[in-house]
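S.K.:
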Amino acid sequence: MTKQSIRTPLGQVRGLGSARHGAGHFITQRVSAIALLFLVPWFLITLIGAVRGGYDGALIYIADPFNAVLIILTVGAALYHMRLGMQVVVEDYILKNSTKTVLLILNTFICITLFAAAAYAVLKIAIA
Amino acid sequence: MSSWTDKRPMSPHVSIWKWHMTMASSILHRITGCAIYVGAFLIVAWLFAAAAGPDMYEPMAGLIGSIWGQLVLFGFTLAMSYHLLNGVRHLFMDAGKGFNPKFASFTAGLALVLSVVLAVSVWLLAGLVPGVDPLSIANTLLGAAQ
Chain A
567 MTKQSIRTPL GQVRGLGSAR HGAGHFITQR VSAIALLFLV PWFLITLIGA VRGGYDGALI
627 YIADPFNAVL IILTVGAALY HMRLGMQVVV EDYILKNSTK TVLLILNTFI CITLFAAAAY
687 AVLKIAIA
Chain B
850 MSSWTDKRPM SPHVSIWKWH MTMASSILHR ITGCAIYVGA FLIVAWLFAA AAGPDMYEPM
910 AGLIGSIWGQ LVLFGFTLAM SYHLLNGVRH LFMDAGKGFN PKFASFTAGL ALVLSVVLAV
970 SVWLLAGLVP GVDPLSIANT LLGAAQ
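Here the protein sequences line up with chains A and B, keeping their order. The first sequence: position 101 = 667 (the working numbering), numbered continuously. The second sequence: position 75 = 924 (the working numbering), numbered continuously.
(1) Quick check on the DSSP output: the alpha helix (DSSP H) that includes Ile638 of chain A runs from which residue to which?
(2) Using the Cα positions of Trp895 of chain B and Asn949 of chain B, report the straight-line distance between them to the nearest angstrom.
(3) Along the region 903 to 921 of chain B, what residues have a CB closer than 8 angstroms to any CB found in chain A?
(4) When every heavy atom of the ligand PLP is checked, does at least one fall within less than 8 angstroms of the C-beta of Ala953 of chain B?
(5) What residues from the region 933 to 965 of chain B come within 9 angstroms of chain A, judged by C-beta to C-beta, listed N to C?
(6) For the alpha helix (DSSP H) containing Lys690 of chain A, list its first residue and its last residue.
(7) Thr926 of chain B to Val971 of chain B, Cα distance in whole Å?
(8) Hey, would you say Gln595 of chain A sits closer than 9 angstroms to Gly651 of chain A, going by beta carbons?
(9) Between which two residues does the alpha helix (DSSP H) carrying Lys951 of chain B extend?
(10) Within 10 angstroms of its Cβ, does Asn663 of chain A collect 16 or more other Cβ (buried), or is it exposed?
(11) Could you please tell me which residues of the region 596 to 614 of chain A, in chain order, have their CB closer than 8 angstroms to any CB of chain B?
(12) Decide if Tyr635 of chain A is buried, meaning its Cβ has at least 16 other Cβ atoms within 10 Å, or exposed.
(13) Quick test of the definition: if touching needs 3 or more C-beta pairs under 8 angstroms, does the region 934 to 949 of chain B touch the region 619 to 627 of chain A?
(14) Taking only three categories from DSSP, how would you classify Ile572 of chain A?
(15) What residues from chain B crowd round Lys690 of chain A, counting only those whose CB sits closer than 7 angstroms?
(16) Can the beta-carbon of Leu961 of chain B be found closer than 9 angstroms to that of Leu891 of chain B?
(17) Any chance you could list the alpha helix (DSSP H) runs of at least 4 consecutive residues sitting entirely within the region 860 to 912 of chain B, in chain order?
(18) Please compile the residues from chain A whose C-beta is within a distance smaller than 9 angstroms of the C-beta of Val971 of chain B.
(19) Does DSSP put Leu920 of chain B in a helix, in a strand, or in coil?
(20) What does Gly882 of chain B reach in chain A if we use C-beta pairs closer than 7 angstroms?
(21) Looking at C-alpha atoms only, which residue of A:Asp630, A:Leu610, A:His647, A:Leu582 is the closest neighbour of His591 of chain A?
(22) Grouping DSSP H, G and I as helix and E and B as strand, with all else coil, what is Ser915 of chain B?
(23) Go ahead and pull the three-state DSSP assignment for Gly588 of chain A.
(24) Check the C-beta distance from Ala975 of chain B over to Ile611 of chain A and give it rounded, since I have them as a contact under 8 angstroms.
(25) Counting only C-beta atoms, is Thr854 of chain B closer than 9 angstroms to chain A at any point?
Right under this line is the structure:
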């Protein structure tokens, strides 16, 4: 503090610390991790198989109702988990408040946009 | 001159630490996490290309089928495998288990070794999906190498 302030030291730091969402972040990060523990191995195996099956193989894979639901679940849980993880990385390494805020907002936008694109693609193929 | 005027001792920075297995695993967990973040764009792009039609899908399939595409896809599988297995390790540590230094180093190394096993297993199992030629990948790799 270079400027003299009439605010007490406690008053100056109030509201600058924890947003009181730490436990929620911790728990949701782990709950999504547990879901992904089951979803990701299935997704990787079937996805890599489908990638090898050409355009028709890809459509058959995605159009299957069982696969369509599981793809949306996997991508959803993964993007949710990714957003939380990247949030921690940004908070750890970016000290400047404005840059940090911009990156955190960008992180949220990216993850939600990717989810919208993936869900649209799967539903378009599966329902059409 | 540093503007740091606080006389109290600073927490030592990363550059003075000796590298440990557990430290490397923690850093690698974060690196693979960031790599998967980038890879997620590719997965969504693949799904989107399939929905957009063959005009968009075929160039993408060609890219994935190339040697570089296959390397990226396998690298993605490897990063996922490591992050998943080390994530299991983290879940146990969250529950307060596995902190004995020797055991923690052992599980850190184990996650690294098993991630290679898992990634290779995933690729082998992917060949068993019905309607898919398990040898096409080998042919692609051989064809690209020649």
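Cβ coordinates follow ideal geometry from the N, Cα and C atoms, glycine included. The model shown is predicted, which means the values in this text are computed figures rather than measured ones.
M.R.: Let me spell this out:
(1) Its alpha helix (DSSP H) spans residues 631 to 659.
(2) Rounded to whole angstroms, Trp895 of chain B to Asn949 of chain B spans 43 angstroms at the Cα level.
(3) The region 903 to 921 of chain B vs chain A, Cβ under 8 angstroms: Pro903, Tyr906, Glu907, Ala910, Ile913.
(4) Absence of the ligand PLP from the depicted structure is noted, as is the absence of any ligand whatsoever, leaving it without description.
(5) Residues of the region 933 to 965 of chain B with a C-beta atom less than 9 angstroms from some C-beta of chain A are Leu933, Gly936, Val937, His939, Leu940, Asp943, listed in chain order.
(6) Residues 663 to 693.
(7) Inter-residue distance for Thr926 of chain B and Val971 of chain B is about 8 angstroms (C-alpha atoms, whole angstroms).
(8) The Cβ-Cβ distance between Gln595 of chain A and Gly651 of chain A falls below 9 angstroms.
(9) For Lys951 of chain B, the enclosing alpha helix (DSSP H) stretches over residues 950 to 975.
(10) Flag for Asn663 of chain A reads exposed.
(11) Going along the region 596 to 614 of chain A in chain order, one finds Arg596, Ala599, Ile600, Leu602, Leu603, Val606, Pro607, Leu610, Ile611, Thr612, Leu613, Ile614 with a Cβ nearer than 8 angstroms to chain B.
(12) Reading off the sequence, residue 635 of chain A comes out as Val, not Tyr. Per the 10 Å Cβ criterion, exposed.
(13) Inter-segment contact for the region 934 to 949 of chain B and the region 619 to 627 of chain A is absent: fewer than three beta-carbon pairs are separated by less than 8 angstroms.
(14) It is coil, neither helix nor strand.
(15) For Lys690 of chain A, the neighbours in chain B by C-beta distance under 7 angstroms run, in chain order, Ala900.
(16) Leu891 of chain B sits away from Leu961 of chain B, with the two beta carbons spaced by 9 angstroms or more.
(17) Fully enclosed alpha helix (DSSP H) runs of 4 or longer: 870 to 901.
(18) Per Cβ cutoff of 9 angstroms: Pro607, Leu610, Ile611, Ile614.
(19) DSSP places Leu920 of chain B in helix when its eight states are reduced to three.
(20) Per Cβ cutoff of 7 angstroms: Gly651.
(21) Of the residues A:Asp630, A:Leu610, A:His647, A:Leu582, the one whose Cα lies closest to the Cα of His591 of chain A is A:His647.
(22) Coil, per DSSP.
(23) In the three-state reduction of the DSSP assignment, Gly588 of chain A falls in the helix class, which pools H, G and I.
(24) So it is a contact: roughly 5 angstroms between Cβ atoms.
(25) So, not an interface residue.
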